[in-house]
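Here it is in structure tokens:
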């Protein structure tokens, strides 16, 4: 008996030694170092005999994506059956080490053609959008009457900034379920038991969270401030939420200068008004289109950002207009709103009207810029810049040239820089009609001397002047 055991042990030792030698020899064979799998190998139940790694990866992918994933309830009832996963798998690294990881079976296969099975993880890299939609839109994940899980938060719309408690919802989290589905596919578990309670989201922020309580104190201290922008009919006050976004995240209540600059940029995009024609209905009864001229509002980005930063840091209520680079006459309006006090210069009728608080205070015929000489009075909306008595108007080129002129006027009321304005013209005996077309001024609006004397004392610097046809 003892002798028999010795013989068996010797034989086993010889066989093991032979297997070891054969295995070592296999690792130096062309088959082992090649990019092909052994003949007779099955991976995860899929015949991959003699395939290279790419071919095997495709075969495994096609097989796996064609399987069915059955989702069942607690009582075993089928809730859904999914297929056509459209997944992409990370397989090549694992396929390249199959022979190393299954060395003895691979060596036996090589020398004795013994088939063998190997198992690898089907690591999912991605799945098709259609499959993802099908899973997330499943009826069992989207039951009617369920509620969303919500974090506790500070209600910035209420003046006392209350903390709204968290909500424990009854709606399943489809993203969490999708993650588990992909894990089941990767591990080959194609019968999946769905437990709704396992996918109910838990609020991340609760009403007793110390950070939330600190934030509420910050809101109560700083976000009750009212900063109001006066923009005509579009006047608005910054909401607590907007004010919050303009402050630093450190709960110091100080302005975040980058956020303020970004806000001012949006303010400019929305509220800057420059150029373009607008329709206007004059108190004369005439409706016409006219260029805005000087009636523009352009916010100063640096000046407004500096002022808003100072306003926020002051923690005081503020009501003001934006800081402008250019500010039109009257009240801010995207329409042509110049109020009820203005000079109406009608070039087609060659007539001037002045309205004060809606009442006509002055009218007379005029002579505007000469059309034939190219000196037509510019249309648009302007403002009275200054008023001067007894001055000499000079222009038209160099002194001594044919175009040079010097004209003494008793009443000067400029509205385009210092070169064009309303003034008396004692050298004219008639006004109105078509005189301006062939014998008009150099651009100014000429008035009869007596009528200019009536307008001068009642017209105020800053009054709008609207010039139109």
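Numbering (the numbering used here), first residue to last: 16 to 484. Idealized CB from N, CA, C, for every residue including glycine.
How big is the Cα-Cα spacing for residue 100 and residue 83? Position 85 of the chain shown, counting from 1, holds the residue named residue 100. Position 68 of the chain shown, counting from 1, holds the residue named residue 83. When rounded, the separation of the alpha-carbon atoms in residue 100 and residue 83 is 9 Å.
Among the residues of its own chain, which have a CB less than 6 Å from the CB of residue 263, if the five just before and after it don't count? Taking the first residue of the chain shown as 1, we reach residue 263 at position 248. Same-chain partners within the cutoff: 269 and 271.
If you follow the alpha helix (DSSP H) that residue 390 is part of, which residue opens it and which one closes it? Walking along the chain shown from the start, residue 390 turns up at place 375. Neither: residue 390 is in no alpha helix (DSSP H) and is coded neither H nor E.
Where residue 168 and residue 229 are concerned, what is the direct C-alpha to C-alpha distance, given to the nearest angstrom? Taking the first residue of the chain shown as position 1, residue 168 is located at position 153. Taking the first residue of the chain shown as position 1, residue 229 is located at position 214. Roughly 12 Å between the two C-alpha positions.
Quick check on this structure: which residue in 241, 58 and 64 has the alpha carbon closest to the alpha carbon of residue 46? Here residue 46 refers to the residue found at position 31 of the chain shown. Cα-wise, what sits closest to residue 46 is 64.
According to the neighbour-count rule (16 or more other Cβ atoms, all chains shown, within 10 Å of its Cβ), is residue 374 buried or exposed? On the chain shown, position 359 is the one that residue 374 refers to. Counting the other Cβ atoms within 10 Å of the Cβ of residue 374 gives fewer than 16, which makes it exposed.
Among 234, 337 and 437, whose alpha-carbon lies nearest the alpha-carbon of residue 379? Position 364 of the chain shown, counting from 1, holds the residue named residue 379. Out of 234, 337 and 437, 437 has the C-alpha closest to the C-alpha of residue 379.
Going by alpha carbons, who is nearest to residue 434 out of 115, 401, 454 and 466? Locating residue 434 in the chain shown gives position 419, counting from the first residue. Selection 115, 401, 454 and 466 evaluated against residue 434 yields 401 as nearest (Cα-Cα).
Thinking just about the alpha-carbon of each residue, which of 244, 295, 240 and 227 is nearest to the one in residue 480? Locating residue 480 in the chain shown gives position 465, where the first residue counts as 1. Comparing Cα positions, the closest option is 295.
I'd like the ranges of any beta strand (DSSP E) spanning at least 3 consecutive residues and lying wholly in the segment 344-382. The qualifying runs are 357-361, 366-371 and 374-380.
Neighbour-count burial assignment, residue 465, 16 or more Cβ in a 10 Å radius: As a working note, residue 465 is residue 450 in the chain shown. Burial call: exposed.
The beta strand (DSSP E) enclosing residue 57, as first and last residue numbers: Stepping through the chain shown from its first residue, residue 57 is reached at position 42. Where residue 57 is concerned, the enclosing beta strand (DSSP E) stretches over 56-58.
Which ranges does the beta strand (DSSP E) cover as unbroken runs of at least 3 residues, wholly within the segment 453-477, from first to last along the chain? For secondary structure counted as the beta strand (DSSP E) over 3 or more consecutive residues, the segment 453-477 holds these complete runs in sequence order: 460-462.
Go through its chain and collect everything with a Cβ distance to residue 55's Cβ below 8 Å, but skip five positions before and after it. Position 40 of the chain shown, counted from the first residue, corresponds to residue 55. The answer, listed in chain order, is 64, 124, 128, 129, 130 and 131.
Between which two residues does the alpha helix (DSSP H) harbouring residue 490 extend? Residue coverage of the chain in this structure runs from 16 to 484, which leaves residue 490 outside it and unanswerable.
Rounded to whole angstroms, what's the CA-CA distance from residue 458 to residue 360? Just pull it up for me. Counting from 1 along the chain shown, the entry for residue 458 is found at position 443. Counting from 1 along the chain shown, the entry for residue 360 is found at position 345. Straight-line Cα distance between these residues: approximately 13 Å.
Taking only the alpha-carbon atoms, compute the straight-line gap between residue 427 and residue 335 and give it to the nearest angstrom. If you number the chain shown from 1, residue 427 lands on position 412. If you number the chain shown from 1, residue 335 lands on position 320. Using only the alpha carbons, I get a separation of about 34 Å.
Consult DSSP for residue 217 and reduce its assignment to one of helix, strand or coil. To locate residue 217, count along the chain shown from 1; it is residue 202. Correct three-state label for residue 217: coil.
Selected residue, minimal CA-CA separation from residue 204, among 86, 319 and 69: If you number the chain shown from 1, residue 204 lands on position 189. Among 86, 319 and 69, the Cα nearest to that of residue 204 belongs to 86.
Secondary structure at residue 240, three-state DSSP: helix, strand or coil? Your numbering for residue 240 matches position 225 in the chain shown. When secondary structure is reduced to three states using DSSP, residue 240 falls in the coil class, being assigned neither helix nor strand.
Could you check which residue in 254, 180 and 257 has the C-alpha nearest to that of residue 224? Translated into the one-based positions of the chain shown, residue 224 becomes position 209. Relative to the Cα of residue 224, the nearest Cα in the group 254, 180 and 257 belongs to 180.
Please list the terminal residues of the continuous beta strand (DSSP E) segment that includes residue 92. Translated into the one-based positions of the chain shown, residue 92 becomes position 77. Secondary structure note for residue 92: it is in no beta strand (DSSP E), with a DSSP letter that is neither H nor E.
Determine, using beta-carbon pairs with one atom in the segment 356-370 and one in the segment 294-309, whether at least three such pairs fall under 8 Å. Judged by Cβ distances under 8 Å, the segment 356-370 makes contact with the segment 294-309, as three or more pairs qualify.
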